[in-house]
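As structure tokens, the structure follows; a few thoughts come after it.
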Amino acid sequence: MNLISSEIPGLVWAYRFLPGESRCARIAADSSIDALMEGEGWVWLHLALSDARTPALIERITTLPQNALSTLTSHDTQAAVTISDNMVYGTLVDFERTFDAETKTIGWLHFAVTEKIIITTRLHPLRSIDRVKAAVEKNARCARPIDLFEMMVVEFQRTLISLVLELTEELNIIEDDVYGEAGHNHQPRLAPLRRTAVRLHRHLRTLLALLRRASTSEEDEVPDGFIDGAERLSDRLEAVDRDVFALQERARLLHEEIDSKLSSETNRHLYILSLMTAFLLPPTLVTGFFGMNTSGLPFAEGIHGTLLAGFLIMMSMGVAWTILKRIGIL
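The structure is reproduced here in structure tokens:
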């Protein structure tokens with residue numbers, strides 16, 4: 001990874017795909033920009049936006065329109081696919097990764113595809129794009145830049161499938177706990193799962209709509225093979241979107257079940273407190289009556305006044321219990 005190269009600043013990797021070859025050639029990190037753009041075939045250039053020199057490099061090596069340049073160098077967090085002058089550019093959703101682990105944090109890949117070059121940029125390392133790199137190093141099955149673009153979306157779909165399986169397993173564990181005999185409340189654990197599912201569904205629906213709209217473009221306005229590839233990608237993403245939506249619905253129903261259990265538990269506590277209040281109110285009135293500092297209180301004289309007052313307290317509680325029993329509260 002070459003982030004400090006004076007020749008190609010911000011370079012993460014670059015590959016040259018030669019026509020008729022089953023393997024691609026990796027371009028050395030210390031290559032010059034002229035060597036990068038010269039030669040047969042087409043080039044995949046992957047750059048890091050963490051290098052402030054990257055925007056100037058893209059402007060130097062390409063003749064892309066200003067909108068495409070802005071997309072490649074922006075930090076947009078919204079999926080986009082735009083068709084312009086036999087070129088496709090935009091932003092794809094992906095998942096970030098760290099050096100030693102894969103995360104569920106959503107990241108963004110900016111791309112521009114022409115007949116001779118595909119440029120991708122990102123701010124943080126991404127999970128799916130690294131798998132694409134490993135795939136092309138093993139077997140370069142991409143005859144055109146648009147084929148590599150399709151491979152990127154396919155790898156994102158595969159990443160989504162693995163993530164959906166992880167979320168489904170986590171949701172199964174929460175369901176077993178919630179519907180089990182103990183009936184534990186796992187609402188805090190459910191919240192990030194629901195948030196991830198909702199965000200994935202929203203971004204997938206946006207990407208699907210963009211691909212379907214782009215697939216309706218005229219063939220002379222897009223790179224060769226893009227329309228067929230967009231239709232295939234739409235079918236793939238539609239299938240995984242149904243799984244994400246089903247996961248989202250399961251999480252929503254489980255959230256409602258947890259809320260129902262919490263509400264029932266709260267009502268039970270309020271019921272107990274109401275009963276305690278009903279039982280203690282008559283004794284409170286009795287003790288309040290005998291606590292008045294007025295003359296002529298009953299049982300003030302004699303040795304059995306406290307006993308008689310206690311008897312009145314017990315009798316008032318019995319009367320309260322009889323009333324509650326008669327009206328059906330107990």
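Using the numbering used here, read the sequence shown as starting at 1 and increasing by one per residue.
Glycine included, each C-beta is placed from N, C-alpha and C at the ideal position.
| Query | Result |
| --- | --- |
| Residue closest to R250, alpha-carbon to alpha-carbon, out of P55, P19, N172 and Y89 | N172 |
| For T71, the three-state DSSP class (helix, strand or coil) | helix |
| G305, enclosing alpha helix (DSSP H) - first and last residue | G305 to R326 |
| K116 vs W42 beta-carbon contact at 9 Å | yes |
| Bridge partner(s) assigned by DSSP for G20 | According to DSSP, which records beta bridges pairwise, G20 is partnered with nothing at all. |
| Residue ranges of each beta strand (DSSP E) within the segment 16–62, 3 or longer | 42–48 |
| Beta-carbon gap between A320 and F290 smaller than 9 Å | no |
| Where the alpha helix (DSSP H) containing V164 begins and where it ends | P145 to Y179 |
| Which of helix, strand or coil DSSP assigns to A79 | coil |
| Coil, strand or helix - S133 by DSSP | According to the sequence provided, residue 133 is Lys. The question's Ser does not apply to it. The answer is helix: DSSP assigns K133 an H, G or I state. |
| Proximity of F111 and L49 at Cβ, strictly below 9 Å | no |
| Cβ shell of E155 (< 7 Å), same chain only, five flanking positions each side left out | S128, R131 and V132 |
| 6 Å CB neighbourhood of I313 in its chain, flanking five on each side removed | P283 and V286 |
| Under the three-state DSSP convention, the category H255 falls into | helix |
| Proximity to M87 [Cα-Cα], best of F226, K104 and L324 | F226 |
| Exposure label - Y89; buried when at least 16 CB within 10 Å | buried |
| S84 versus E221: straight-line alpha-carbon distance, rounded | 7 Å |
| For R141, three-class secondary structure by DSSP | coil |
| Residue environment, M152, which counts as buried when at least 16 other CB atoms sit within 10 Å | buried |
| Close Cβ partners of I4 (< 6 Å) along its chain, the five nearest in sequence each way excluded | Residue placement at I4 is flagged as unreliable, the pLDDT there being 46, under the threshold of 50; a coordinate-derived value is accordingly withheld. |
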